[in-house]
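Basically the working numbering = 1-based index in the sequence shown + 2.
Idealized CB from N, CA, C, for every residue including glycine.
Note sheet for the following structure.
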Amino acid sequence: MFVNCEAKLNYMQNIKITNILEKLKKTNNVFIYDFKSQFCNKKTCFNYLNKNDILVFTDDFSHLTKEFAEFISDDFNKFLEKKLNQY
């Protein structure tokens, strides 16, 4: 049996990071791909997706696993294609 690790979302930290990224986006050709919805609900992020049997991170919620990267790759490619078409 696998025990799912979880981390609480830090709302204030996310706001600070989002504000910085939004400023970058306005001055440079920066696209922000937010994939939290793939492994987080409103307040908690999970390191394991039971439904897909995939680990999300390799360590301390800082590095994606190869399996999770492959899992989100189609969604990322759609996001990128849409942004490039707008650009």
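Cα-Cα separation between residue i and residue j, rounded to whole angstroms
{"i": "Asn87", "j": "Lys25", "result": "21 Å"}
{"i": "Ser75", "j": "Ile19", "result": "23 Å"}
{"i": "Asp36", "j": "Lys68", "result": "18 Å"}
{"i": "Lys45", "j": "Ile22", "result": "22 Å"}
{"i": "Tyr50", "j": "Ile56", "result": "6 Å"}
{"i": "Met3", "j": "Met14", "result": "In this predicted model, Met3 has a pLDDT of only 41, less than 50, meaning its place in the structure is not dependable enough to derive any value."}
{"i": "Asn52", "j": "Asn16", "result": "25 Å"}
{"i": "Glu83", "j": "Asn12", "result": "30 Å"}
{"i": "Lys38", "j": "Thr29", "result": "24 Å"}
Boundaries of the alpha helix (DSSP H) in which residue i is found, first to last residue
{"i": "Phe73", "result": "68 to 88"}
Beta-carbon gap between residue i and residue j smaller than 9 Å
{"i": "Asn54", "j": "Phe73", "result": "yes"}
{"i": "Phe59", "j": "Phe70", "result": "yes"}
{"i": "Phe41", "j": "Phe48", "result": "yes"}
Residue span of the beta strand (DSSP E) that contains residue i, given as start and end
{"i": "Phe59", "result": "59 to 61"}
Query raised in the report: Unbroken beta strand (DSSP E) runs of length 3 or more, entirely within the segment 24 to 63: which are they?
Result: Taken in chain order, the whole beta strand (DSSP E) runs of length 3 or more contained in the segment 24 to 63 are 46 to 48, 59 to 61.
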